[in-house]
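Residue numbers (our numbering), protein chains in the order written: chain A, 9 to 415; chain B, 91 to 431; chain C, 48 to 333.
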């Protein structure tokens with residue numbers, strides 16, 4: 009069992025409590041709040057404004073991976089005919105649906121409604137259809153047209169389409185909950201979201217400092233509240249505390265690693281099932297992941313002015329996974345330069361095609377523009393059976409020795 | 091005549107045709123992809139890798155452009171890879187809606203089609219008039235009707251002949267309709283097919299090469315119906331020939347038989363498949379899936395469960411570039427043995 | 048290789064109490080596999096003789112050699128056999144066969160004959176592929192799943208490791224069970240990578256039987272996944288050469304929580320037996 013080999017945060021217990029409470033409340037105590045299964049890129053502000061209790065099967069998938077339960081759950085799904093090439097989050101979830109006793113915490117609470125938004129991938133459409141069949145729960149699909157434009161701007165008709173669907177989503181949830189949405193409440197939840205997202209962005213930006221106060225696993229673990237608790241007061245409070253602690257580290261030049269020799273950028277989802285073991289290979293070389301593209305997905309710009317519905321439509325359509333490889337390469341170049349990294353590592357994640365397809369070209373573009381070398385590692389974010397530690401170590405060794413040689 | 095290639099049956103050929111191009115379906119050939127590995131991981135489907143490989147090998151140099159629509163995650167990424175590798179080519183994606191049953195889908199799609207048409211007009215300095223669109227719609231509807239007729243006479247043709255006809259239809263001018271295909275049916279295949287007793291329905295995305303049809307012919311089984319992108323779903327539903335042509339094209343997109351990348355209703359596809367089996371009195375169903383094709387892989391468990399409930403036997407084939415002949419044959423043969431027992 | 052550890056044994060068998068000259072219907076089944084070929088001769092649906100030979104480069108020759116071995120010293124000739132069914136990987140290359148049937152149909156029928164009418168799930172682990180077959184009370188195929196894409200659960204897969212560890216194939220099973228504690232299974236999805244993983248373990252100081260245990264467990268897990276997909280129903284039986292590997296069989300049973308009926312005959316002949324029985328049915332229907 010690997011352990012982290014870099015500085016532990018003082019806010020770590022607060023994080024733990026926050027998430028434990030979330031899962032306990034989801035299972036045992038959410039009076040008057042129907043359970044909504046929500047995808048990570050869905051506009052949860054509307055869900056909270058109507059007093060539903062959102063739970064995140066993707067976050068739960070990460071938990072299954074981290075707790076070593078995902079392989080078994082995936083096998084349950086595969087026994088039912090689900091291809092082992094499908095997303096491991098989804099396979100774990102299907103496994104949980106069919107055999108909850110093998111799942112951590114005895115599984116997620118059954119959904120009263122399902123809300124899926126395609127801005128992250130096409131898998132969530134099929135996954136939530138499977139959940140809808142299994143639980144007989146009503147399903148709402150938010151269709152956010154993909155942006156191929158080089159400027160990363162959605163078309164006006166795409167925004168109009170998404171905004172119209174958001175109104176439809178409100179009507180759908182009003183019907184399910186027999187409540188009426190108070191627009192004022194939506195506005196308040198939105199403000200809380202914006203505040204949390206801004207704080208999270210600031211936390212990430214502080215890692216531009218030398219040495220970096222945080223390493224990638226810190227970012228992965230601490231992003232959980234921004235995904236699962238976005239729109240709540242607790243979420244804002246947590247990120248205020250985190251920001252204070254990180255600011256303090258920066259002020260005293262406290263490094264996440266014992267000695268930061270190299271600064272790296274990470275691309276794609278974390279390797280949850282081998283989180284510490286994998287990143288410790290880099291710690292061996294004094295390499296710190298000071299920035300990543302994944303957790304930045306929830307550091308998006310949200311509009312404080314203007315029509316909130318249109319603002320939400322715009323924010324959720326423009327998330328990075330709904331953008332072309334050209335835009336993502338540009339964003340990565342920006343991060344490489346601003347965070348002053350020595351190289352970057354891309355996780356070619358067989359479970360996540362939208363994130364991984366295009367990596368080979370992004371890598372080429374980024375190296376051409378910045379001169380920094382990139383390493384591609386093949387693994388899976390949630391299926392430990394697709395993780396070959398010996399092969400991965402060899403590749404990391406080659407890459408790091410290459411960086412060492414560059415001086 | 092200049093050609094524009096497309097990779098998905100949801101592409102609106104009429105718009106390309108009205109702009110003066112011959113729309114041509116791009117299908118991978120049987121050469122194992124080698125160059126595509128520099129851009130696409132090994133866990134992407136052979137359709138994506140095969141089509142890109144064709145382009146990288148220079149086999150698509152006669153195409154003035156390539157058009158995608160929004161379907162699965164791999165194709166979504168491929169569209170941008172294609173743009174990156176061929177920066178001077180016209181590469182566009184028509185971002186079709188996923189929720190076909192959304193009350194806002196029509197309005198959105200109409201606007202998206204107008205955007206696409208404008209981009210096409212701008213790049214090639216052409217005008218796509220309503221009149222030209224209506225003429226193209228009539229031409230393509232005629233082809234759809236001819237294919238529907240061909241399907242109605244399916245029993246007269248061998249499976250390989252069916253495959254050839256569909257392949258040629260998708261790569262030849264739409265004006266050449268009907269006539270050339272009736273010549274395909276020979277006296278020979280008429281007689282052979284009357285001997286065939288077992289009828290199967292084939293399900294999948296595309297069928298790119300004739301290994302399976304050949305095996306079915308050898309073993310004396312008939313394809314009574316299919317749900318392929320380059321099969322029955324290609325010509326499903328006509329476009330209205332009156333009213334605004336863009337509105338009519340959009341309406342057909344939303345009404346036609348849906349692929350697993352789209353959502354109309356929870357059990358829409360299941361109902362369609364069961365209907366196909368019952369209407370054509372099929373003895374069994376063969377899933378012809380490409381490895382790493384996520385949308386079809388997701389539909390498999392609920393479809394298999396529905397077929398099990400109705401006591402309809404089914405077989406799953408998972409293939410790569412070319413269906414491996416020995417492995418495919420033994421499975422199909424064993425399946426047919428099972429059906430005849 | 049100095050010693051060919053991967054060689055499977057060849058043999059013949061004759062029923063002591065069957066007189067073919069008194070028989071009404073004489074049929075035969077020839078199962079030409081990628082690794083071995085079996086020929087089975089039945090008289091009125093009763094086992095008369097069989098032979099197991101390694102498959103050489105020529106399938107027709109292998110089929111003929113196996114047939115001749117089975118008939119040797121009986122006075123019965125190939126021409127006198129009423130109906131011959133060819134099956135297996137090389138089934139189209141049995142020139143003297145009247146008909147070919149897939150090994151799926153033949154294994155189903157063969158398992159039904161050899162084990163009895165209560166069999167519902169047949170697992171066949173052969174030379175090159177591995178299949179799970181569901182059958183009904185008459186020995187007819189109800190459903191099947193094949194794995195011929197990877198070496199898990201196949202003779203080829205075992206040969207790779209037997210060769211690497213320099214252990215005779217027949218001893219692999221027993222050796223793999225001689226461990227105090229069951230080690231973690233090798234993690235590689237593919238036997239090619241499992242081989243390099245096994246090498247790594249040996250270098251770390253693992254003993255041969257420990258590596259065998261890890262490898263056998265990994266194989267058993269893959270085969271178990273195949274069986275779960277088709278659904279295991281009692282009685283569960285195993286045919287094919289790997290049924291003789293007690294290391295894999297034991298681990299498979301443990302993983303699935305079900306015991307396989309132990310055979311009191313040679314499990315490798317199931318396919319050819321089924322073929323011979325199907326031949327009998329064909330002859331009767333003529």
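Using N, Cα and C, we set each Cβ at its ideal position, and we do this for glycine too.
- Taking 9 angstroms as the Cβ-Cβ cut-off, the region 384 to 402 of chain A approaches chain C at 392, 393, 394, 395, 396, 397, 398, 399, given in chain order.
- Neighbourhood of residue 129 of chain B in chain A, by CB distance below 7 angstroms: 368, 369, in chain order.
- For chain B, the residues of the region 85 to 106 of chain A that bring a beta carbon within less than 7 angstroms of one of its beta carbons are 88, 89, 90, 91, 93, 94, in chain order.
- At a cut-off of 7 angstroms, the C-beta of residue 275 of chain C has a neighbouring C-beta in chain A.
- Annotation for residue 351 of chain A: the continuous beta strand (DSSP E) segment containing it runs 351 to 357.
- The Cβ-Cβ distance between residue 52 of chain A and residue 238 of chain A falls below 7 angstroms.
- Residues of the region 138 to 153 of chain A with a C-beta less than 8 angstroms from any C-beta of chain B: 138, 140, 141, 147, 149, 151, 153, listed in chain order.
- Segment contact: the region 308 to 323 of chain A against the region 358 to 378 of chain A, fewer than three CB-CB distances shorter than 8 angstroms; contact not assigned.
- Identification of chain A residues near residue 385 of chain B by a Cβ-Cβ cut-off of 8 angstroms yields 130, 134, ordered along the chain.
- Cβ contact annotation for residue 254 of chain A (same chain, cutoff 6 angstroms, sequence separation greater than five): 211, 214, 221, in chain order.
- If you keep only unbroken alpha helix (DSSP H) runs of at least 4 residues inside the region 164 to 250 of chain A, you get 164 to 185, 191 to 213, 224 to 230, 232 to 236.
- Flagged as an interface residue toward chain B: residue 365 of chain A, by a C-beta distance shorter than 7 angstroms.
- In the three-state DSSP reduction, residue 109 of chain C falls in the helix class (H, G or I).
- From the beta-carbon of residue 83 of chain A, the residues of chain C found nearer than 8 angstroms are 272, 275.
- Here DSSP, grouped into helix, strand and coil, assigns residue 132 of chain B to coil.
- Distances from the CA of residue 288 of chain C to each of C:200, C:129, C:233 were compared; the closest alpha carbon is that of C:200.
- Fewer than three pairs of CB atoms, one per stretch, sit closer than 8 angstroms, so the region 131 to 145 of chain C makes no contact with the region 91 to 101 of chain C.
- In this structure, the beta-carbon distance from residue 295 of chain A to residue 272 of chain A falls below 7 angstroms.
- The region 215 to 286 of chain C is shown to contain whole beta strand (DSSP E) runs of 3 or more residues at 283 to 286, in chain order.
- Going by DSSP, residue 83 of chain C is part of the beta strand (DSSP E) stretching over 83 to 90.
- By a beta-carbon distance limit of 8 angstroms, residue 84 of chain C contacts residue 113 of chain C. Their separation comes to about 4 angstroms.
- A check of alpha carbon separations from residue 332 of chain C across C:278, C:130, C:249 identifies C:130 as the nearest.
- Counting only runs of 3 or more residues that sit fully inside the region 101 to 172 of chain B, the beta strand (DSSP E) segments are 112 to 115, 153 to 159, in chain order.
- Listed in chain order, the non-local C-beta contacts of residue 97 of chain A below 6 angstroms within the same chain comprise 66, 69, 390, local neighbours out to five positions each way being set aside.
- In this chain, residue 123 of chain A is not harboured by any alpha helix (DSSP H); it is covered by the beta strand (DSSP E) spanning 121 to 125.
- In this chain, the alpha helix (DSSP H) harbouring residue 386 of chain B covers 384 to 399.
- By DSSP's assignment, residue 324 of chain C forms no beta bridge with any residue.
- When Cβ-Cβ separations below 7 angstroms define contact, residue 65 of chain A makes no contact with chain B.
- Fewer than three pairs of CB atoms, one per stretch, sit closer than 8 angstroms, so the region 329 to 342 of chain B makes no contact with the region 300 to 320 of chain B.
- For residue 135 of chain A, the enclosing alpha helix (DSSP H) stretches over residues 131 to 143.
- The beta carbon of residue 211 of chain B sits closer than 8 angstroms to those of 109, 217, 218, all from its chain and outside the five residues before and after it, given in chain order.
- Taking a cut-off of 8 angstroms for Cβ pairs, the region 311 to 328 of chain C and the region 145 to 160 of chain C touch, as three or more such pairs fall below it.
- Taken in chain order, the complete alpha helix (DSSP H) segments of 4 residues or longer contained in the region 267 to 300 of chain A are 283 to 291.
- The beta carbon of residue 276 of chain C sits closer than 7 angstroms to the beta carbons of 192 from its chain, once the five residues preceding and following it are set aside; these are given in chain order.
- In the DSSP assignment, residue 96 of chain B falls outside any alpha helix (DSSP H) and within the unbroken beta strand (DSSP E) covering 93 to 96.
- When DSSP states are grouped into helix, strand and coil, residue 312 of chain C belongs to the coil group.
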